[in-house]
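Following this note's numbering, the numbering of the sequence shown begins with 189 at its first residue and continues without gaps.
Every residue gets a Cβ at the ideal spot worked out from N, C-alpha and C, and that includes glycine.
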Amino acid sequence: AIGAGFHNGFGIQFPFTAPNYYAFNNHGYTHQYVDNGTTNAVVILFQDAFNLMQEAPGDPSTWINTVEGEPYVTPAEFEFTYTLSIPLDFSAWPSTDLPPYNPFIYPDDDRLKEIHLADYAPTSKMTGTPYWGTDDDDSHPATDRYFKTSNNLPWAVNIADVWDYPIELSQITWAYLFFADWAESGGTVHTDWYDSSIPENVNANNIYSP
């Protein structure tokens, strides 16, 4: 799905240095490539989501799969293989270095505006960004606090499951009623906040259905 108005790119930062790279196979998905000039290894899966999913004929908006009643567009899929030059032992790594590793988006090809999961460090291409602590952001890189508000609301979440996401123009808190409680608690309460099969979790009127 593509909502809002930004032309977002998507990448994954890995917990090993960029030189530890032997081969990359994009399996024919030519929009995927290994990023250059980063300290850690980064794979960019796409630079602009609109290049992968485009409005269906007759769709009056630029939003894709977020407005009920408008034509549905088949989602894009991705596959790549990254081969290391030096094998690594993942067993001793902290959980933050394991899958999904460190995914992020960035709007309008601007890497100074990367958005990562809460407390995941940005890539080295965000060095010098002037946006820390602006508006609702409460990031403090000196203490490894990243990408969340003063109330611990994250700028991004990872949901390792099929998810019924909010409709266009709806805040996530309007669709998932316990999201804020979960985030503000540091993830200790309402750990199933995202499960739309639990009626009390959601306002179904704000959930997208194709």
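- Residue environment for Thr331: exposed (fewer than 16 other C-beta atoms within 10 angstroms of its C-beta).
- Under DSSP, the beta-bridge partners assigned to Tyr294 are Gly197.
- Nearest to Trp381 by C-alpha distance, out of Ala264, Gly316, Trp362 and Asn393, is Trp362.
- Residue Ser327 holds the alpha-carbon nearest to the alpha-carbon of Trp343 among Ser327, His195 and Val350.
- Per the coordinates, the alpha-carbon of Asn228 lies some 6 Å from the alpha-carbon of Phe204.
- The three-state reading of DSSP puts Asn228 in strand, counting E and B together.
- Within the stretch 211 to 286, complete alpha helix (DSSP H) segments of at least 4 residues are not found at all.
- Val230 counts as buried, since at least 16 other C-beta atoms from the protein chains shown sit within 10 angstroms of its C-beta.
- Distance check between Tyr289 and each of Phe238, Gly225 and Asp307 places Asp307 closest, using alpha-carbon atoms only.
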